[in-house]
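Visitor:
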Amino acid sequence: MTKKVLITKEKYNISLISPCFNEEENISKFIERILALKLINELVLIDDGSTDNTVNKIIEIQKKHSSKKSLTIISLIQLTRNFGKESAMLAGLDYIKDRYDAAIFIDADLQHPPEIIPKMISAWEHGAEIVTAVREDREADTFIKCASASIFYKVFNWLANSIQLKANAGDYRLLNHQAINVLRSMREYYRFSKGLIPWTGFSSVEVSYHHGYRYKGSSSWNTIKLLKYGIDSVFSFSDLPLKIWSFIGLIISSVSILYSFVILIRTIFFGIDVPGYASLIVAILFLGGVQLIGIGVLGDYIGRIFLNSKTRPHYIIRKLICTDKQ
Ligand code: UDP
Ligand code: MG
127 MTKKVLITKE KYNISLISPC FNEEENISKF IERILALKLI NELVLIDDGS TDNTVNKIIE
187 IQKKHSSKKS LTIISLIQLT RNFGKESAML AGLDYIKDRY DAAIFIDADL QHPPEIIPKM
247 ISAWEHGAEI VTAVREDREA DTFIKCASAS IFYKVFNWLA NSIQLKANAG DYRLLNHQAI
307 NVLRSMREYY RFSKGLIPWT GFSSVEVSYH HGYRYKGSSS WNTIKLLKYG IDSVFSFSDL
367 PLKIWSFIGL IISSVSILYS FVILIRTIFF GIDVPGYASL IVAILFLGGV QLIGIGVLGD
427 YIGRIFLNSK TRPHYIIRKL ICTDKQ
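Heads up: the sequence shown begins at 127 in the working numbering, then just goes up one per residue.
#1: For Arg340, which beta-bridge partners are listed by DSSP?
#2: With 16 other CB atoms within 10 Å as the buried threshold, where does Ser176 fall?
#3: Mind checking which residues open and close the alpha helix (DSSP H) that includes Ser405?
#4: Does DSSP classify Asp178 as helix, strand or coil?
#5: Here's a check: name, in chain order, each residue in its chain whose Cβ is nearer than 7 Å to the Cβ of Met246, leaving out the five neighbours to either side.
#6: I'd like to know if the region 279-289 and the region 309-316 are in contact, where contact means that at least 3 CB-CB pairs between them fall below 8 Å.
#7: Just checking, does the region 401-415 make contact with the region 332-350 on the three C-beta pairs under 8 Å criterion?
#8: Helix, strand or coil: how does DSSP classify Arg310 here?
#9: What did DSSP end up calling Ile442 once you bin it into helix, strand or coil?
#10: Do Gln188 and Ile200 have their CB atoms nearer than 8 Å?
#11: Going by alpha carbons, who is nearest to Asn139 out of Leu411, Asn302, Trp325 and Thr268?
#12: Say whether the region 180-198 touches the region 273-283, bearing in mind that this needs 3 or more beta-carbon pairs closer than 8 Å, one atom from each stretch.
#13: Taking all protein chains shown into account, decide if Thr437 is buried (16 or more other Cβ within 10 angstroms of its Cβ) or exposed.
#14: Would you check if the region 216-228 and the region 152-162 touch, i.e. whether three or more CB-CB distances between them fall below 8 Å?
#15: By alpha-carbon positions, which one of Phe147, Leu418 and Leu352 ends up nearest to Ser213?
#16: Is Arg299 helix, strand or coil by DSSP?
#17: Is the distance from the Cβ of Pro324 to the Cβ of Ile289 below 8 Å?
#18: Kindly list the residues whose CB is nearer than 7 Å to the CB of Ser359, restricted to its own chain and excluding five residues on each side of it in sequence; keep chain order.
#19: Tell me Phe231's beta-bridge partners as DSSP assigns them.
#20: Can you find a heavy atom of the ligand UDP that lies under 7 Å from the Cβ of Pro239?
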C-alpha cells in the first residue's frame, strides 16, 4: 500500500531550480506538471543560452500564467550564453538567495518526474537536510553511457579524498535552507554538484524514481563532453593524480638504481656489452611518456588554479523576468 503524503503548501516556502538549454519542446509540459502539484512557491527557470525558442515559450507561458490566480511564481533568468548546467544551477541558487525553506534542482526535460516532489518534501519534513532522488534503472541510457557511468563512479570513489558518491544519484535533489546557503557560498570554478552536495555532510535521505526517456529532443551530453566532465569532477575532489607521480618516480628511480648495479657488475665481469639499442630506446620512450603524462596532470591542476584565480563570474544574466513583477 502506498503511504499517503499530506502536505499543506502554505506551511513552507519551496522553490524549484531548473536549468534549461534548448527545451522548447519540453518546457510547456514541464511547467504544466509542476503547476499541477500546487506545492511550489517559485519555479526558477534558468535559460542557459538556448538557441531555440525556449525563452519566447517561457515568456508566453508567464504572460498567460500571470493573469491566473496561482501560488506559483514563474521566474526566468536568461543567461547571455551557454555557461553549462552547473553554472545555470548556481545562477538559480544565487537568485533565490535565502528566501526559501527548501529548494529542489530538477531537469526540464521531464526525465526527473515532478510527481515524486511530494515524497521528497515529506522526507525533508521528517528531518532530512538533503533529499536525493536515486534512479531505479538506467533503461533510458545507451550502453556506452551506462558503462562509462559505472566506470566513473568506481574511479571517483577510489580516488576521491573526502566523499563517496552514490551511483545513480544525479542532480535531482532537495536542499534545506542551510544547505542552500552553504552550496551558494562554494564558488569554485569547476562545479560538480553531485559531489559538492554530499561533501557538505548534511544528512541525506534517498527517494527512488523511474528515470524515463526525455519527453522530446536529445541529451546535450556527448561522449567527449561526458569524459571531460568526468575528469574535471575527479580532479576537483582528489589530489591523488597529482601526488601519484612522486610514487611512480620513486619506483622508476629504485628500479634504475638496481639495474645500474646489474650493468656495473656485468661490465666488471664480462666487459662492455655494446648491443642494447632496443632496450635503450624502449626505456627512453617509456620514461619520456611517463614524464609527459606527469607534466600534463600538473598542467591540468595549474590550469584550475589559473581559472579560479581570475575570479570571473560563473554566468552573466541578460534578463530577469518574473510573473509577479510583470
Ligand atoms: N542543460 C543546461 N545547460 C547545458 C546542458 C543541459 O542547462 O549546457 C539542462 C537541460 O536543459 C536539462 C538538464 O540540464 O534541463 C539536463 O540536460 P540533458 O537532458 O541534456 O542531460 P542528461 O539528462 O542527458 O544528463
Ligand atoms: Mg535529460
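Every residue, glycine too, gets a C-beta built ideally from N, C-alpha and C.
For clarity, every value in this text was computed on a predicted model and none was experimentally measured.
Guide: Per the coordinate set shown:
#1: DSSP lists no partner for Arg340.
#2: buried
#3: Tyr403 to Ser435
#4: coil
#5: Ile230, Val257, Ala259, Leu300 and Val333
#6: no
#7: no
#8: helix
#9: coil
#10: yes
#11: Asn302
#12: no
#13: exposed
#14: no
#15: Phe147
#16: strand
#17: yes
#18: Phe282, Phe318 and Gly321
#19: Looking at the DSSP output, Phe231 sits in a beta bridge with Ile143 and Arg299.
#20: no
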